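S.K.: Before we start, here is the structure in question, set down as structure tokens.
Residue numbers (our numbering): 13 to 52.
Dropping the structure here:
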């Protein structure tokens, strides 16, 4: 996982956070791959 996307849990809830404020958290290929990795 990268610094662009972070994953944490709160009990049984998974939380995925995007961290690209300079790009207003726009999703590009790198972010999409990081999100996929966080979900797996």
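Positions of the beta carbon are idealized from the N, C-alpha and C atoms, including for glycine.
Since the structure is predicted, the reported quantities are computational estimates derived from the model, not experimental observations.
(1) Which of the three DSSP states is assigned to residue 16 in this structure?
(2) Decide if residue 12 is buried, meaning its Cβ has at least 16 other Cβ atoms within 10 Å, or exposed.
(3) Kindly indicate which three-state DSSP category residue 27 falls into: helix, strand or coil?
(4) I need the straight-line Cα distance from residue 25 to residue 51, nearest angstrom please.
(5) DSSP has residue 22 in a bridge; who is on the other side?
M.R.: Here's the rundown:
(1) coil
(2) Outside the shown range of the chain, which is 13 to 52, sits residue 12, and nothing can be said about it.
(3) strand
(4) 12 Å
(5) 25
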